[in-house]
Amino acid sequence: MGRRSDHTRDELSELLVDASTRIITEEGLGGLTARKIASRVGYSSGSVYNVFSDLDDLIAHVNTRTMRVLSLELNKIGSTGEVLTDVKAVLHVYMDFQQKHPRLWAANIEHAMRQDFDQPDYYTDALDSVIDGVAKVISPALVDKSDLEIKFAVRVLWASLLGISAIPDSAKFLIKGSANRKLLAEDLVEHYVLGLISKSGTATPKRSK
Numbered sequence: 000m001g002r003r004s005d006h007t008r009d010e011l012s013e014l015l016v017d018a019s020t021r022i023i024t025e026e027g028l029g030g031l032t033a034r035k036i037a038s039r040v041g042y043s044s045g046s047v048y049n050v051f052s053d054l055d056d057l058i059a060h061v062n063t064r065t066m067r068v069l070s071l072e073l074n075k076i077g078s079t080g081e082v083l084t085d086v087k088a089v090l091h092v093y094m095d096f097q098q099k100h101p102r103l104w105a106a107n108i109e110h111a112m113r114q115d116f117d118q119p120d121y122y123t124d125a126l127d128s129v130i131d132g133v134a135k136v137i138s139p140a141l142v143d144k145s146d147l148e149i150k151f152a153v154r155v156l157w158a159s160l161l162g163i164s165a166i167p168d169s170a171k172f173l174i175k176g177s178a179n180r181k182l183l184a185e186d187l188v189e190h191y192v193l194g195l196i197s198k199s200g201t202a203t204p205k206r207s208k
């Protein structure tokens, strides 16, 4: 029961990404099927494959949108001039975003970790935009480091925070230690950034509270 030609290809692409985003938000990545997506927009299942090469291609578009939204949220953060304060502000936006969009974030991580699928340039560009935004926050304290070195440091933090994010707050070792994911993440970021600053020989900024 398709609509034939109600929309241009670009318009249909947006509709399908919108529908997929809603399905993942409601049911997680496991609930995403071509039939369900098409049903949401009133087209046949074949219409999905007329626009996207396969479901992986469509999911990559959803994940790209997720990363772009995160990048926009990070860009709203104002600079205080204190690196640790600004880095922690970035961290809070990052973690709040995950908490607000848990299934979209999980879909992003699950799909990005796929070894049998090469992420397209549009997704890696969106990820690089997030990395660049965090690098700008850290770079004032690492004046002797190259852009490549600073972005590498951001990727180390990114990978480490993914590990912390995967821990449920109900984990016994967190409860026994009177901790939670946010506290772990703040401690990791503060000590890692201070370590980078120490190695660079830059004056240590005032520790944020």
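Numbering of the sequence shown is given in numbering that gives the first Met the number 0, commencing with residue 0 and proceeding in unit increments.
Backbone N, C-alpha and C fix where the C-beta goes; we use that ideal spot for every residue, glycine too.
**Report entry** Cβ contact check for the segment 52-70 and the segment 120-127: 3 or more pairs under 8 Å
**Finding:** yes
Requested in this report: Rank Leu57, Ser44 and Arg34 by C-alpha distance to the C-alpha of Asp17 and give the top, closest one.
Outcome: Leu57
**Report entry** Ile196 beta carbon less than 8 Å from that of Ala140
**Finding:** yes
Requested in this report: Tell me, to the nearest whole angstrom, how far the beta carbon of Leu28 is from that of Glu109; I am working on the premise that it is less than 8 Å.
Outcome: 6 Å
Query raised in the report: Alpha carbon to alpha carbon, what distance is there between Phe116 and Asp53?
Result: Rounded to the nearest whole angstrom, the CA to CA distance from Asp53 to Phe116 is 11 Å.
Query - Nearest-angstrom Cβ-Cβ length linking Trp104 and Gln114, presumed shorter than 8 Å - result: Going by Cβ atoms, the distance from Trp104 to Gln114 rounds to 20 Å, so no, they are not a contact pair.
Query - Contacts around Ala106, its chain only, beta-carbon distance under 6 Å, and the 5 residues preceding and following it disregarded - result: Ile23 and Leu28
Query raised in the report: Assuming Ala136 contacts Val86 under a Cβ cut-off of 8 Å, what Cβ separation, rounded to an integer in Å, is found between them?
Result: Sequence check: residue 136 is Val here, not Ala. Contact between Val136 and Val86 is confirmed by a C-beta separation of about 6 Å, below the 8 Å threshold.
Query - Own chain residues within Cβ distance below 7 Å of Ala37, not counting five before or after - result: Ser43, Ser44, Ser46 and Val47
Query raised in the report: Cα-Cα, which of Lys171, Glu10, Ser145 and Met112 is closest to Val40?
Result: Nearest option by C-alpha distance: Glu10.
Query raised in the report: Under three-state DSSP, which class holds Gly41?
Result: Three-state result, Gly41: coil.
Query - Close-in-space but distant-in-sequence residues of the same chain around Ser78 (CB under 7 Å, 5 per side omitted) - result: Asp85
Query - Buried/exposed call for Arg8, threshold 16 Cβ in 10 Å - result: exposed
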